[in-house]
Amino acid sequence: MAVFTCLRLRAHSRKKRFGQSRPTSKHAVSVKEPLLKVLKSNERSGLSRRQVLVAAPLLFGVNGLVAAQEPSPMEKIKSRGVLKVAVYKDNAPYSSGPNADIQGLDVALARALAAKLNLQLALLPFDAGENMNDDLRNMVWKGHYLGYGPADVMIHVPVDRYLMNENKQVLIFGSYVREHLVVLHSVTKLPHVQNPEDLQGKTIAVEKGSGAASALMGYRGGMLREKISIFKDGVDAAKMVTTGQFDAAYVSRAQAEAAVHAASDKSAWVLSSVALPGVMPAGWPLGLAVKADNKELATALDGALSALRQSGELLKLFQSHGLTLAAP
């Protein structure tokens, strides 16, 4: 999946007219029509107009009762007892592996959130689309045209004002970590990396399609391009360094830490921040997204996330995956 940087992220619903009610069965009739008939025939019936109007709320209340019986989105989730959570495929260390056994930090977080809500977990792994707008449409508010999704909640959503404004159909909230880009390098082979010039002449591994790759390859007219190699996965790119095959990798902090966590000598590697044009120096927070009409679920998930943070459970989840819980 492409790393989210400051390079900006690259429904038809049929609505009832205001006041229009849908019949509950083929025998249902409009309450307006009999009311008008009564009003017109009040002289013959002996009822005054005031008496008829007093009775009107009782007639209209029938439709209100039917509407009130429609369960809310959150009530539907509670009724089925399952929380459907969308997670990215091929997004190590957050979520990767076969669909039947997908693992990672986001999967562990989804499991913990579902448990806090006393719900079973159902994962919906999916391939990243062309941009975040596609992912939010397919997995949160509409569903994929092939019939997959939507989920109740999606994890690993950049908490970004621009993204929120572009996707009014969803609520984006619940930052659980701040991610940013780092250079992973060897303590001995490349002890100091403070700016891109320090990487000149060095072999560098990056993730395919990521903002990190674009920023590094375009720096100063392609000064570093000849020594850059592209890998499908950011963790694989980082492992090129920890196995001694490359001098450096420019990846997300989580990807670099996952590679170091798997290395035999964890003290032999350094993570350094390097300023590049088009890259957010402060990184970006990751959070959750639900459909805009399910504020009750958003509130419940936000509370569950706060409870996990306050109890120390969230920190333990990160530590068990060899990751740093950077405050969002």
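Its first residue numbered 587, the sequence shown is counted upward by one per residue in the numbering used here.
All C-beta atoms in this analysis are idealised placements derived from N, C-alpha and C, irrespective of residue type, glycine included.
Run through DSSP, which three-state label would Phe832 get?
By one-based count along the sequence shown, residue 832 stands at place 246. The answer is coil: DSSP assigns Phe832 none of H, G, I, E or B.
Give me the Cβ distance between Ala890 and Leu699, rounded to the nearest whole Å; I'm assuming they're in contact under 8 Å.
Along the sequence shown, read from residue 1 onward, the residue named residue 890 stands at position 304. Along the sequence shown, read from residue 1 onward, the residue named residue 699 stands at position 113. Right, the Cβ-Cβ distance comes to about 5 Å (below 8 Å), so this counts as a contact.
Of all Cβ atoms in chain C, is any one closer than 8 Å to the Cβ of Ala824?
No chain C appears in the structure shown, which is made up of a single protein chain.
I'd like to know whether the C-beta atoms of Thr828 and Val846 end up nearer to each other than 8 Å.
Reading the sequence shown from its first residue, position 242 is the one you call residue 828. Reading the sequence shown from its first residue, position 260 is the one you call residue 846. Taking 8 Å as the Cβ cut-off, Thr828 and Val846 qualify as a contacting pair.
What residue range is occupied by the uninterrupted alpha helix (DSSP H) comprising Glu752?
For the purposes of this step, residue 752 is taken as residue 166 along the sequence shown, with counting starting at 1. Residues Arg747 to Glu752.
Would you report the Cα separation of Asp738 and Gly807, rounded to the nearest angstrom?
If you number the sequence shown from 1, residue 738 lands on position 152. If you number the sequence shown from 1, residue 807 lands on position 221. Distance between the alpha carbons of Asp738 and Gly807 is about 44 Å.
According to the Cβ coordinates, are Ala561 and Phe712 closer than 8 Å?
No information on residue 561 is available, as it lies outside the stretch 587 to 914 that the chain covers here.
From the DSSP secondary-structure annotation, give me the bridge partner or partners of Met740.
By 1-based counting over the sequence shown, the position of residue 740 is 154. Answer is Ala672 and Ala875.
Identify the continuous beta strand (DSSP E) that holds Ser858 and give its terminal residues.
Walking along the sequence shown from the start, residue 858 turns up at place 272. Where Ser858 is concerned, the enclosing beta strand (DSSP E) stretches over Trp855 to Ser858.
What is the rounded straight-line gap between the Cα of Ala798 and the Cα of Tyr836?
Position 212 of the sequence shown, counted from the start, is the residue given in the question as residue 798. Position 250 of the sequence shown, counted from the start, is the residue given in the question as residue 836. Computed Cα separation, rounded: 6 Å.
In or out: Glu793 buried (at least 16 other Cβ within 10 Å) or exposed?
On the sequence shown, position 207 is the one that residue 793 refers to. With 16 or more Cβ atoms within 10 Å of its Cβ, Glu793 is classed as buried.
Quick check on DSSP: helix, strand or coil for Leu621?
Against the sequence shown, residue 621 aligns to sequence position 35. Per-residue confidence for Leu621 stands at a pLDDT of 48, beneath the threshold of 50, marking its modelled position as unreliable; the derived number appears in the next sentence. Leu621 falls in the helix class under three-state DSSP.
I'd like to know whether the C-beta atoms of Val779 and His766 end up nearer to each other than 8 Å.
Working through the sequence shown from its first residue, we reach residue 779 at position 193. Working through the sequence shown from its first residue, we reach residue 766 at position 180. No, the Cβ-Cβ distance between Val779 and His766 is not below 8 Å.
I'd like the span of the alpha helix (DSSP H) that includes Ala708, first residue to last.
What you label residue 708 is simply residue 122 of the sequence shown in a count that begins at 1. First-last for Ala708: Gln706 to Phe712, but that is the beta strand (DSSP E), not the alpha helix (DSSP H).
What is the residue span of the alpha helix (DSSP H) that Arg895 lies within?
Against the sequence shown, residue 895 aligns to sequence position 309. Looking at the DSSP string, the run of the alpha helix (DSSP H) that includes Arg895 is Lys881 to Ser897.
Taking all protein chains shown into account, do 16 or more other C-beta atoms lie within 10 angstroms of the C-beta of Glu661, making it buried, or fewer, making it exposed?
For this step, residue 661 is matched to residue 75 along the sequence shown. Result: exposed.
When DSSP labels each residue in this structure, what does His771 get in the three-state scheme?
Position 185 of the sequence shown holds residue 771. Reduced to three states, the DSSP call for His771 is strand.
Quick check on the burial criterion: 16 or more other C-beta atoms within 10 angstroms. Buried or exposed for Gly820?
For the purposes of this step, residue 820 is taken as the residue at position 234 of the sequence shown. Classification for Gly820: buried.
In the DSSP assignment, find the alpha helix (DSSP H) that holds Arg839 and state where it starts and stops.
Residue numbering aside, residue 839 sits at position 253 when the sequence shown is read from its first letter. Run containing Arg839: Arg839 to Ala848, per the alpha helix (DSSP H) assignment.
Sort Ala886, Ser897 and Gly908 by Cα distance to Phe759 and report the nearest one.
Position 173 of the sequence shown, counted from the start, is the residue given in the question as residue 759. Ranking the options by Cα distance to Phe759, first place goes to Ala886.
For Val726, report the span of its beta strand (DSSP E) as first-last.
Within the sequence shown, the letter at position 140 stands for residue 726. Where Val726 is concerned, there is no enclosing beta strand (DSSP E), given that its DSSP letter is neither H nor E.
Under a three-way DSSP split, which group does Gln905 fall into?
For the purposes of this step, residue 905 is identified with residue 319 of the sequence shown, where counting begins at 1. Three-state result, Gln905: helix.
Going by alpha carbons, who is nearest to Ala878 out of Thr789, Val756, Leu903 and Gly787?
For this step, residue 878 is matched to residue 292 along the sequence shown. Per the Cα distances, Val756.
Count the other CB atoms within 10 Å of the CB of Val773; is the residue buried (16 or more) or exposed (fewer)?
For this step, residue 773 is matched to residue 187 along the sequence shown. By the 10 Å Cβ count, Val773 comes out exposed.
Could you pull the DSSP bridge partners for Ser681 from this structure?
Residue numbering aside, residue 681 sits at position 95 when the sequence shown is read from its first letter. According to DSSP, which records beta bridges pairwise, Ser681 is partnered with Asn677.
Here's the rule I'm using: 16 or more other beta-carbon atoms within 10 Å means buried, otherwise exposed. How should Pro736 be labelled?
Reading the sequence shown from its first residue, position 150 is the one you call residue 736. Pro736 should be labelled buried.
With distances taken Cα to Cα, identify the nearest neighbour of Gln831 among Pro657, Ile790 and Pro863.
Numbered from its first residue, the sequence shown carries residue 831 at position 245. Taking only the C-alpha atoms, the option nearest Gln831 is Ile790.
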